[in-house]
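As numbered in mature numbering (1 follows the signal peptide of the UniProt record, and there is no 0), residues -21 to -1, 1 to 52 make up the sequence shown, in order. Virtual Cβ for every residue (Gly too), placed ideally from N, Cα, C.
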Amino acid sequence: MVKRLLWAPVLLGLGGCVVEPAVVAPAPAPVYVAPTPYYAPPPRPVYVAPAPRRVWVPRRCDRWGRCWGGYWR
């Protein structure tokens, strides 16, 4: 009986309330960050022989690629 008397004010106070469903927020979407662009490292320096200052110019060559005579230019 005592339990019923304790519950009476609670039930009377909530008599007009309607339980509404809680507002459900959408699940947080993952935030994607663009990856940093890849820059290839600079190539290692390669030794290149300098161009020769003088070049041998053949005077006569046959059709098989054999040459004789000539001069330096």
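Taking 8 Å as the cut-off, the Cβ atoms of GLY49 and VAL36 count as close.
In the structure shown, PRO37 adopts extended strand secondary structure according to DSSP, grouped into three states. The straight-line gap separating the alpha-carbon atoms of PRO29 and CYS40 is approximately 27 Å.
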